[in-house]
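Peer 1:
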Amino acid sequence: MSRQPPEPRPLVSVRGAPTAAPALTERSLSFLVRHAHRAFCHQACRQLIPHDVGVAEWAVLRMLWQQEGLTQVSLADRMRVAESSLTSVLNNLEHKGLDGRTRRGNDRRKRHLS
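Once you know that position 38 of the sequence shown is 59 in our numbering, the rest is easy, because the numbers rise by one and skip nothing.
What follows is the structure in structure tokens.
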């Protein structure tokens, strides 16, 4: 007599309210990675506050420290974010005097970050 595995539990309760997926518990890898990321961001924010720099601004400055002169398009590609999401961060950095945009060559639309 072979025993069959139990049928998987549905992710929706009888009343229709969603229940927690088994993989989303406090012991799952995804939960632990998310928890570690949030702890890192919280600590980074605390360390950056005295310097008037946000976490997103720090990430941009770190990339520009590794390679100065990137365009906004190439910076967005390297950071794996949308170009439009960098606009406000770059504006803030420029307003604070931490970043500058310069034109190089004949293309007046392309600006390099420094």
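Virtual Cβ for every residue (Gly too), placed ideally from N, Cα, C.
Mind checking whether L85 and L50 have CB atoms under 7 Å apart?
Peer 2: Not closer than 7 Å, so no.
Peer 1: Just the Cα atoms here: how many angstroms apart are F61 and N113?
Peer 2: Within the model, the alpha-carbon separation for F61 versus N113 is close to 22 Å.
Peer 1: Whose C-beta lies closer than 7 Å to the C-beta of V64 among residues of the same chain, with five residues either side of it excluded?
Peer 2: One detail in the question is off: residue 64 reads as Gln in this sequence, not Val. Excluding sequence neighbours, Q64 sits near nothing in its chain.
Peer 1: Taking all protein chains shown into account, decide if E78 is buried (16 or more other Cβ within 10 angstroms of its Cβ) or exposed.
Peer 2: Label assigned to E78: buried.
Peer 1: Ordered along the chain, which non-local residues of its own chain (more than five positions away) have a Cβ less than 6 Å from that of V76?
Peer 2: C62, A65 and C66
Peer 1: Out of S105, T92, S95 and H72, point me to the one whose CA is closest to G118's CA.
Peer 2: Taking only the C-alpha atoms, the option nearest G118 is H72.
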